[in-house]
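Undergrad: Let me give you the structure first, and then I'll get to my questions.
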Amino acid sequence: MEKILVLDFGGQYNQLIARRVREHHVYAEIRSYNRIAPDEIKDEGYKGIIFTGGPNSVFDPASPHYDPLVLDLGIPILGICYGDQLMAFMAGGKVSSAESASEYGKTVLTVLEHTLFDGVPKESICWMSHTDHVSEVPSGFGTIAVTSHCPCAAMGDDKRKLYGVQFHPEVTHTEYGKRIIGNFLFSVCGCRGDWKMEDYADRMIARYREQLSGKTVLLALSGGVDSAVAGLLLHRAIGQNLVCVFVDHGLLRKGEGDYVEQTFRKKLGVNMIRVNAGERFLRKLAGVTDPEGKRRIIGEEFIRVFEEEAGRIGHVYTLAQGTIYPDVIESGSGNSAVIKSHHNVGGLPDVVSFEAIVEPLRDLFKDEVRHMGMSLGLPEELVWRQPFPGPGLAVRVIGEVTEEKLSILREADAVFSEEVTAGTRTGYRPDQYFAVLTDTRSVGVKGDARTYGYTVALRAVSTDDFMTAEWTRLSFDILEKAGSRITNEVSGVSRVVYDITSKPPGTVEWE
Ligand code: XMP
């Protein structure tokens, strides 16, 4: 199988580089520069290497350096940002550091005619983020692109097939970045582009079958796509030795617990334990109104239940988690303020001790996880499920959570969901839509009698990444049907409102 090595020098976009390569149907593997030597690179038979960016300066003796032998392996290399400077440094060129030459953000790139820039106009926008730059190209190299600040925005040695770009082709702000990476893969490295997600899944299955042979592996199944895909992949690898624990905390949407059980146990044959812990969670939540308090209690109780199940099974050596790459960055970034604690990010291992943790989806982005789910035969409706918060309906019932409020919310939410699904069958469907039970009651009239019921808020958002979101302009027809059905069919509700707040300043969930 043809594959590309992404040699990691500590840059922030390394996974993105690998993803861009995979988007061209070429498999990419990320290895840290200090974990692989040039002779191993040779033995692995990589078709090409990409040196990633990095936060350092090549002048810093502590910065990552690499054995210059790599340049003479006969394998094409593309260096990006720090990787470009490092290549110049290793090959005997000159790298300079000057604040005056630093560039951040969108910059006009001017390219010469070159294979790497096939299909790229003479001038286009690229994304820069650097202070150091290549000021003299090494012997055998020529400059193939410039910007107004950067005398060498790209360099190349066609004989040895070594290339460096100061800008970041992997980020979407670089207009022709995808094209440039494609040119490197196909025209320079001679890749065919016949890699498929199925192959990746097969490799992972084979790997885990060997690595986990004879072990019992425990996975907390939430019903969301990430843990579902991780579960199915491991199920294919180790069969009944994977034990999925599905903690039904009683805060799920209408019919959800049964759906998850049906799908995994009956349809997919996964070894699954369902723990019905609804009452236990409600007892803990009694009288609690603070949103973060609710989250904390649910997170802690979840761990207790999970621990008890692990104890019952005994001999559990390994914990599996459905962590995906964006979770890894979010939980690693440590310097942004906590807006809401997402209890299922970062997960259990601090509290529950296991000998090992496996995270099969750690390198994948959400859409790649869905893609893998499809290739493993996960039902389509599960693959395309909208996200659902770990603390469930507890953060959609404003104020204290009670069984009565939960059951009103479940019904209202089911009606709204039906109407959105029906009304968007052929058109755009929002990325997330749900009902919230506010703690405001209002007066209504039914028949000739006065009612005094809850106000349900409907929320629908459109977003790419859930970091920002716009409220969805749902048709009046959908809103009308949902509003009228909820007030008629769900007892205890006297009013329905639609939330027109985007994020920011609002968040997607109300709590
Ligand atoms: P917010 O409300 O933070 O939501 O704008 C962004 C996305 O995250 C989901 N969300 C959560 N997911 N545990 C989760 O697993 C949580 O505590 C949690 N809070 C919000 C939310 O549904 C939306 O998709």
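Going by my numbering, 322 is the number at position 330 of the sequence shown; the sequence numbering is gapless. Yeah, the Cβ is synthetic: ideal placement off N, Cα and C, and Gly gets one too. From a predicted model like this one, the values you see are computed outputs, not experimental measurements.
Which residues share a DSSP beta bridge with N26?
TA: The partner list for N26 (beta bridge, DSSP) is empty, contrary to what the question assumes.
Undergrad: Compare the C-alpha of A474 against each of F426, R442, G445 and name the closest.
TA: F426
Undergrad: Where DSSP assigns a beta bridge to Q158, which residues make up the other side?
TA: Partner(s): none; Q158 has no beta bridge.
Undergrad: Taking all protein chains shown into account, decide if S219 is buried (16 or more other Cβ within 10 angstroms of its Cβ) or exposed.
TA: That one is buried.
Undergrad: Per DSSP, A146 forms a beta bridge with which residues?
TA: A137, V157
Undergrad: Could you check the C-alpha separation between P383 and D319 for me, to the nearest Å?
TA: 17 Å
Undergrad: Counting only runs that start and end within the region 13 to 96, where is the alpha helix (DSSP H) found for 4 or more residues in a row?
TA: 30 to 36, 74 to 82
Undergrad: Could you give the C-beta distance for L70 and I42, rounded to a whole number, given that I count them as a contact under 8 Å?
TA: 5 Å
Undergrad: Can you tell me whether Y96 is buried or exposed, with buried defined as 16 or more other CB within 10 angstroms of its CB?
TA: Its Cβ having fewer than 16 others within 10 Å, Y96 is exposed.
Undergrad: Only counting the same chain, and skipping five residues up and downstream in sequence, which positions put a Cβ closer than 8 Å to that of R402?
TA: R245, K246, L385
Undergrad: Kindly give me the distance between the Cβ atoms of V387 and R287, rounded to whole angstroms, as I take these residues to be in contact under 8 Å.
TA: Between R287 and V387 the Cβ distance is about 7 Å, and since that is below 8 Å, they are a contact.
Undergrad: Within 7 Å: the Cβ of Q77 and any heavy atom of the ligand XMP?
TA: no
Undergrad: Mapping the DSSP letters down to three states, classify V330 as helix, strand or coil.
TA: Here V330 scores only 43 on pLDDT, less than 50, and its place in the model is too uncertain to base an answer on.
Undergrad: Buried or exposed, going by whether 16 or more other CB atoms sit within 10 Å of the CB of N327?
TA: Confidence at N327 is low in this model, with a pLDDT of 31, below 50, so the placement of that residue should be treated as unreliable; the coordinate-derived value is given next. When all chains shown are included, N327 counts as exposed.
Undergrad: Between which residues of its own chain and P30 is the CB-CB distance below 7 Å, once the five residues before and five after are set aside?
TA: Contacts found: D59, L61, V62, L65.
Undergrad: Can you give me the C-alpha to C-alpha distance between V18 and Q7, rounded to a whole angstrom?
TA: 14 Å
Undergrad: What is the DSSP secondary structure of G338, counted as helix, strand or coil?
TA: With a pLDDT of only 39 at G338, under 50, the local geometry of the prediction cannot be trusted, and no value is derived from it.
Undergrad: Taking the alpha helix (DSSP H) that N480 belongs to, which residues open and close that run?
TA: 468 to 481
Undergrad: Would you mind stating whether Q313 and P379 have Cβ atoms separated by less than 8 Å?
TA: no
Undergrad: Which one of T44, E462, E392 has the shortest CA to CA distance from T505?
TA: Given a span of -7 to 503 for the chain in the structure shown, any question on residue 505 remains unanswerable.
Undergrad: Between the alpha carbons of H227 and T416, how many angstroms are there, rounded?
TA: 35 Å
Undergrad: Under 8 Å between the Cβ atoms of M196 and H363?
TA: no
Undergrad: Strictly by DSSP, which residues pair up with D124?
TA: DSSP lists S89 as partners of D124.
Undergrad: Alpha carbons only, please: which of Y490, G285, V297 is nearest the one belonging to N268?
TA: V297
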